[in-house]
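For the sequence shown, the UniProt record's numbering assigns the number 1 to the initial residue and increments by one for each residue that follows. We put the CB at the ideal spot given by N, CA and C, even for glycine. Predicted model, so just to flag it, every value in this text is computed and none were measured. Following: one structure in structure tokens, then a few remarks.
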Amino acid sequence: MSYNVNEKGYYGEFGGAYIPEMLYPNVEELRQNYLKITAEPSFQAEFDALLKDYVGRPTPLYFAERLSAKYNTKIYLKREDLCHTGAHKVNNTIGQILLAKRLGKTRIIAETGAGQHGVATATVCALMGLECIVYMGEIDIKRQAPNVARMKMLGAEVRAALSGSKTLKDATNEAIRDWINNPVDTYYIIGSVVGPHPYPDMVARFQSVISKEIKEQLLEKEGRENPDFLIACVGGGSNAAGAYYHFLDDESVNIIAVEAAGLGVDSGESAATSALGKIGVIHGSKTLLMQSPDGQITEPYSISAGLDYPGVGPMHANLFATGRAEFISITDDQAMQWGLKLSQMEGLIPAIESAHAFAVLDEKQFKPTDIVVINLSGRGDKDLNTYIDYFKL
Numbered sequence: 001m002s003y004n005v006n007e008k009g010y011y012g013e014f015g016g017a018y019i020p021e022m023l024y025p026n027v028e029e030l031r032q033n034y035l036k037i038t039a040e041p042s043f044q045a046e047f048d049a050l051l052k053d054y055v056g057r058p059t060p061l062y063f064a065e066r067l068s069a070k071y072n073t074k075i076y077l078k079r080e081d082l083c084h085t086g087a088h089k090v091n092n093t094i095g096q097i098l099l100a101k102r103l104g105k106t107r108i109i110a111e112t113g114a115g116q117h118g119v120a121t122a123t124v125c126a127l128m129g130l131e132c133i134v135y136m137g138e139i140d141i142k143r144q145a146p147n148v149a150r151m152k153m154l155g156a157e158v159r160a161a162l163s164g165s166k167t168l169k170d171a172t173n174e175a176i177r178d179w180i181n182n183p184v185d186t187y188y189i190i191g192s193v194v195g196p197h198p199y200p201d202m203v204a205r206f207q208s209v210i211s212k213e214i215k216e217q218l219l220e221k222e223g224r225e226n227p228d229f230l231i232a233c234v235g236g237g238s239n240a241a242g243a244y245y246h247f248l249d250d251e252s253v254n255i256i257a258v259e260a261a262g263l264g265v266d267s268g269e270s271a272a273t274s275a276l277g278k279i280g281v282i283h284g285s286k287t288l289l290m291q292s293p294d295g296q297i298t299e300p301y302s303i304s305a306g307l308d309y310p311g312v313g314p315m316h317a318n319l320f321a322t323g324r325a326e327f328i329s330i331t332d333d334q335a336m337q338w339g340l341k342l343s344q345m346e347g348l349i350p351a352i353e354s355a356h357a358f359a360v361l362d363e364k365q366f367k368p369t370d371i372v373v374i375n376l377s378g379r380g381d382k383d384l385n386t387y388i389d390y391f392k393l
């Protein structure tokens, strides 16, 4: 079976486009054109050139010697933290801004949680000279102040979402409202593998450069393309989708998705969608979703602003439902301790999102001959205030 999207926009039973009628023209325009435009040689050439000369790709696949010795297995880190803007997010925003330009759009909107996608969107808008409005929850604006400052420096307008939990879900709601009100000139750059079809597939394709490079780099370093284990953190899940993409249908590769357990899966303060979610619709797609018995979306929680989303992308919902990926939930405390541990063992300060993925090393046993690839999806500068508060640095 294939774990990729089908022609109707579904991954198994998950996905689709559940959208208000007002949005239908926008989403349909995108659906009809995204594959055609992204396949054009001129698009490919421009995309590849920007990834190389602007983003700094390929990012290294780094053998973590001290970690490997400690855990008695071969651990490689895919260094997405070295991308321009400090995370994988820019791979996708470059692809989507090139698409928006070819569709004749002049105004760009985006949603952001941790601010990494907002920064990446503001960056490519500055690069292309397009108007940029980023919606961000009021709480996230407070806890991710450096990224808010970056967006403003890059010329973006940051609009606070003041409803609900005032985090990522609410920022997304506001962005969708804006898009409904400005259908003709506006393009919505979604930052994760969520939203109505074709977004989950499109974002996964733009991020698939991660797994393409992993295959090439492992072949060079180990004489084989496939790792035994591939580990990534999952909120909405774009870094994970990119890392898994070229391995999805090869079941010899064990895929591990790491979610935020917050204060504990059963604490009521968690974002462990696979453990707590039921099938529902959020932001235009059918997926696993944390909800109350009467179907109201429940508020997620994680110390990491990028993982506290109440759902998960439809690709990941399908990987969970089919058993293709193993889902592991990691608490705030485990992730924070790993942020410190990775800093002091490898000289790499990770984003708190990414730190969740490393905690799997304490949860699972690996063989000495195993090749374990962990996607280090972002660097920790944006989280320094959280680290300072947590560790009383």
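| Item | Value |
| --- | --- |
| On the DSSP letters alone, give me the boundaries of the alpha helix (DSSP H) that R177 sits inside. | L168 to N181 |
| Mind listing, in chain order, the continuous beta strand (DSSP E) runs of no fewer than 3 residues lying wholly within the region 45–99? | 61–63 and 74–79 |
| Measuring alpha carbon to alpha carbon, tell me which of E29, L342 and F391 ends up nearest residue 399. | The requested residue 399 is not part of the displayed model; the chain covers only 1 to 393. |
| CB-CB under 7 Å to I19, same chain, minus the five flanking residues each way: which ones, in chain order? | V27, P196 and G284 |
| Using the three-state DSSP reduction, which class does Y309 fall into: helix, strand or coil? | coil |
| Could you pull out every residue in the same chain whose Cβ sits closer than 6 Å to the Cβ of W338, ignoring the five residues on either side in sequence? | A355, F358 and A359 |
| P198 by DSSP, collapsed to three states: which one? | coil |
| Across the region 291–305 and the region 360–368, are there enough close Cβ pairs to call them in contact, namely three or more that are closer than 8 Å? | no |
| Within the region 121–157, note down every full alpha helix (DSSP H) run reaching 4 residues or more, in order along the chain. | 138–143 and 145–153 |
| Based on the DSSP output, what are the partners of A257 in its beta bridges? | A232 and F327 |
| Contact check, S192 vs G155 under 8 Å by CB: the rounded distance? | So it is not a contact: roughly 23 Å between Cβ atoms. |
| When the Cα atoms are used, what is the spatial distance from residue 405 to E259? | Past the boundaries of the shown model lies residue 405; the chain is included only from 1 to 393, so the question cannot be answered. |
| Are the beta-carbon atoms of A161 and A149 separated by less than 8 Å? | no |
| Classify Q144: buried if its beta carbon has 16 or more other beta carbons within 10 angstroms, exposed otherwise. | buried |
| What residues in its chain sit with their C-beta under 7 Å from that of Q344, if we drop five residues either side in the sequence? | none |
| Which residue marks the beginning of the beta strand (DSSP E) containing A110, and which one marks its end? | R107 to T112 |
| Between which two residues does the alpha helix (DSSP H) holding S238 run? | S238 to Y244 |
| To which residues of the same chain is V234 closer than 7 Å at the C-beta, ignoring the five residues directly before and after it? | A240, A257, V258, E259, V312 and H316 |
| So does the region 385–393 actually touch the region 215–229, counting three or more Cβ pairs closer than 8 Å? | no |
| Is it the case that the Cβ atoms of A272 and A261 are separated by a distance below 8 Å? | yes |
| Counting only the same chain and skipping the five closest in sequence on each side, list residues whose C-beta sits under 7 Å from that of Y62. | Y76, L77 and R79 |
| Evaluate the contact criterion for the region 243–254 versus the region 109–119: three or more CB pairs, one atom per stretch, below 8 Å. | no |
| With a threshold of 16 other CB atoms inside 10 Å of the CB of G268, please say whether the residue is buried or exposed. | exposed |
| Work out the CA separation of I97 and C125 for me, nearest whole Å. | 7 Å |
| So I297 packs on K166, CB below 8 Å; how close in whole Å? | That belief does not hold up - the Cβ atoms of I297 and K166 are roughly 14 Å apart, past 8 Å. |
| Whose CA, out of I139, N4 and A122, lies closest to the CA of S163? | I139 |
| My output table needs one value for P300: the three-state DSSP class, helix, strand or coil. | coil |
| Tell me P350's beta-bridge partners as DSSP assigns them. | R379 |
| Looking at the unbroken alpha helix (DSSP H) that takes in I37, where does it start and where does it end? | Y24 to A39 |
| DSSP on T369, reduced to helix/strand/coil? | coil |
| Quick check on DSSP: helix, strand or coil for R224? | coil |
| DSSP on Y387, reduced to helix/strand/coil? | helix |
| Kindly indicate the opening and closing residues of the alpha helix (DSSP H) around residue 409. | Beyond the ends of the chain as shown, which are 1 and 393, falls residue 409; an answer cannot be given. |
| Can you tell me whether residue 415 is helix, strand or coil according to DSSP? | Here the chain comprises residues numbered 1 to 393, so residue 415 is not present and cannot be evaluated. |
| Quick one: what's got a C-beta closer than 6 Å to S302's C-beta in the same chain, skipping five residues either side? | A260, G262, A271 and D308 |
| Applying the criterion that 16 or more other CB atoms from any shown protein chain within 10 Å of the CB defines a buried residue, is A39 buried or exposed? | exposed |
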